[in-house]
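What follows is a single structure, written as C-alpha cells, with notes after it.
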Amino acid sequence: MKSDAMDNAYKKYRKGLYLYALSLSRDEDLAKDLVSETFYKAFIASNVPKGSFKYWLFRVLKNHFIDLTRKKHASVSMGDYEKVLPQMSQRGPAKSYLHKERDQRLYDHLMKLEPDRYREVIYLYYYSEMSIKEIAETVGWSESNTKTTLYRARKKLGKALKEDPYEF
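The sequence shown begins at 1 in UniProt numbering and counts up by one.
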C-alpha cells in the first residue's frame with residue numbers, strides 16, 4: 001500500500017479502530033498497540049481488498065487481538081476491568097471522544113456488558129455505524145446470528161440502563 005494512501009487511511013480510521021480495540025481489550029495501551037499493529041499489517045500486506053478496506057482493517061485488528069489472547073492464555077477478569085475503568089473515564093483519548101456525562105455513562109454500561117460478543121456487536125453497530133451484513137463479515141458470523149446477538153445485547157444493555165439512577 002502506498003504511503004500517502006496509508007496516511008489517509010490512518011487519519012480516517014484510527015479513532016474507530018482505537019475505540020473498537022478498547023472495547024475488545026479494555027486496556028488503553030493494548031488498544032494503541034493493536035491499532036498500530038493493524039496499520040503495520042495493512043502497510044506490508046499485498047492482498048488488501050479494494051472495496052471493503054475499512055472492514056478488512058477491523059477484521060485484522062480483531063484477529064490480532066484473538067491471537068494475542070490465545071498466546072497469553074489469559075482473559076481480563078472483572079477485577080482487572082474495575083481497576084481500568086476509572087482510569088479510562090478520567091484520562092486519555094476515550095475521554096475526549098465521549099464529552100457528555102450521558103454518553104460517558106452509556107459507554108461505561110457498554111464496557112461492562114457481558115459476554116464480550118454483546119459489547120462487540122453493539123459497538124460495531126452504533127459506534128462504527130456498520131450494517132448487520134458488515135458486522136457479520138467482520139466478526140465471521142451469519143447475519144441471523146448477528147441479528148440475534150444484537151437483539152440480546154440491546155435487551156441486556158437496556159435493562160442495565162433502566163437500573164441506572166441516571167435518566168437516559
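Even glycine gets a Cβ: it sits at the ideal position worked out from N, Cα and C.
The model shown is predicted, which means the values in this text are computed figures rather than measured ones.
Each residue's CA atom was taken as its position, placing Val121 and Asp4 some 31 Å apart.
Three or more Cβ pairs closer than 8 Å define a contact, and the region 144-162 falls short of that threshold against the region 32-45.
With a cutoff of 7 Å on beta-carbon distance, Leu57 and Tyr20 are scored as not near each other. The beta carbon of Tyr10 sits closer than 8 Å to those of Phe39, all from its chain and outside the five residues before and after it, given in chain order.
The closest CA to that of Ser25, considering only Lys72, Asn47, Lys155, is found on Lys72. In this structure, the straight-line span from the alpha carbon of Lys155 to that of Ala45 is close to 39 Å.
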